[in-house]
Ligand SMILES: Cc1cc2nc3c(=O)[nH]c(=O)nc-3n(C[C@H](O)[C@H](O)[C@H](O)COP(=O)(O)OP(=O)(O)OC[C@H]3O[C@@H](n4cnc5c(N)ncnc54)[C@H](O)[C@@H]3O)c2cc1C
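Numbering (the working numbering), first residue to last: 154 to 528.
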């Protein structure tokens, strides 16, 4: 059995730690923060994330226990401007759960199966990672975007409302907006989070890809302000808001081409391996699954070199095709009329509408959507 340090106890690190400790390895789970801790996020636990969590023995009933106060999602809304949008009901529930609560559930799972927790910052500068890589048989680098390549930037705020000012649809619909002024590769979201009390809470934010962001020549706080003032849905919510938290800015590590996920005995997973969805910025599902596959790569290998090769193979086999399809769809969006055209097609073709909505929710792979649009 091997000695393994997993650095970062977000969804990817907890997943890797869980599977490796269950296989009998001696796992130290290191994080710079004490848990529970917050992570700036849209808090959307997509249908794909829910499926991925079952690999860690976390099922919808476990999430339901957590969401006494939090929100189940029954509809997905896609809008490209104030004029055109599509709302699709789903028979499967997704959830919006603050990361402070959600990540703690995964952390406890990893500790319960034997991971030894350690609070420590493993910095890039002082050769700390290399020193650790000599002390342990394997390092799993799960430090999130700080260890990956920053490809996008996002901003998130929480807004509170009086429950009676909102409709049932407001409280159960996850909305994604591709508004023109966010640039052709930017997006805004409105997710209901805590919806049970008299005062309910929404997660509202904007994300934009670095190449677009540099072209727009503005800052993300300004972009967020413009989005909430000009978008019909946010303007409607803004007129009723009781309290707005100061927005927080955070980078993202979305998919990139030619991605190398292993180096010697160091295997990168989650955001550290740029596994976030290149269209929606959703990263929890791939974070959880990458922890599983990196653990499998170690379990099926006789040496660190073989594990590195096997993890690179599994990354290419399990993630790359869909991430590439996502990048291809993103490239289409640079012709902004494509967004409008897609929503028009969705309005007239229920099958395409369901495919696209479920792809954005993470249930249908992007390459299947590309095929369904072709025929
Ligand atoms: C604004 C925003 C909105 C998003 N919305 C969604 C969404 O709605 N749904 C979704 O699925 N995804 C969303 N994402 C993406 C999602 O947050 C990430 O993909 C996901 O958190 C990746 O998990 P991870 O475990 O790889 O990294 P993280 O969750 O970032 O965890 C990394 C861990 O490493 C620790 N760490 C970092 N540096 C060090 C260090 N030097 N030493 C020790 N420990 C360290 C951190 O404390 C942290 O606990 C969003 C991202 C952003 C920025």
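Glycine included, each C-beta is placed from N, C-alpha and C at the ideal position.
Item: DSSP beta-bridge partners of residue 309; Value: 358 and 401
Item: Contact test: residue 277 Cβ vs ligand 1 heavy atom, cutoff 8 Å; Value: yes
Item: Nearest candidate by alpha-carbon position, reference residue 458, set 416, 476 and 492; Value: 416
Item: heavy atom of ligand 1 below 8 Å from residue 268 C-beta; Value: no
Item: For residue 434, the nearest candidate out of 348, 481, 306 and 276 (CA to CA); Value: 306
Item: Contact check, residue 295 vs residue 422, beta carbons under 9 Å; Value: yes
Item: Residue 366 beta carbon less than 9 Å from that of residue 339; Value: yes
Item: Proximity test, residue 374 beta-carbon vs ligand 1 heavy atom, cut-off 8 Å; Value: no
Item: As assigned by DSSP and simplified to three states, the class of residue 351; Value: coil
Item: Unbroken stretches of the alpha helix (DSSP H), 4 residues or longer, contained in the region 378 to 452; Value: 385 to 391 and 437 to 452
Item: Rounded straight-line distance, which links the Cα of residue 182 to that of residue 272; Value: 8 Å
Item: Residue 405: CB within 8 Å of a non-hydrogen atom of ligand 1; Value: yes
Item: Near ligand 1: residue 351 beta-carbon under 8 Å from a heavy atom; Value: no
Item: Contact under 9 Å by Cβ, residue 373 with residue 329; Value: no
Item: Exposure label - residue 212; buried when at least 16 CB within 10 Å; Value: exposed
Item: beta-carbon residue 273 near ligand 1 non-hydrogen atom, thresh 8 Å; Value: yes
Item: Beta-carbon spacing of residue 297, residue 406 below 9 Å; Value: yes
Item: Burial state of residue 221 (16 or more Cβ within 10 Å); Value: exposed
Item: Three-state class that DSSP yields for residue 273 in the structure shown; Value: coil
Item: Residue range of the beta strand (DSSP E) that includes residue 287; Value: Where residue 287 is concerned, there is no enclosing beta strand (DSSP E), although the alpha helix (DSSP H) it sits in stretches over 281 to 288.
Item: For residue 345 and residue 355, the rounded distance between their alpha carbons; Value: 4 Å
Item: Near ligand 1: residue 262 beta-carbon under 8 Å from a heavy atom; Value: no
Item: Option nearest residue 210 by Cα separation, candidates 241, 246, 262 and 436; Value: 262
Item: Distance between beta carbons of residue 380 and residue 359, contact taken as under 8 Å; Value: 5 Å
Item: Beta-carbon proximity check, residue 428 vs residue 467, cutoff 9 Å; Value: no
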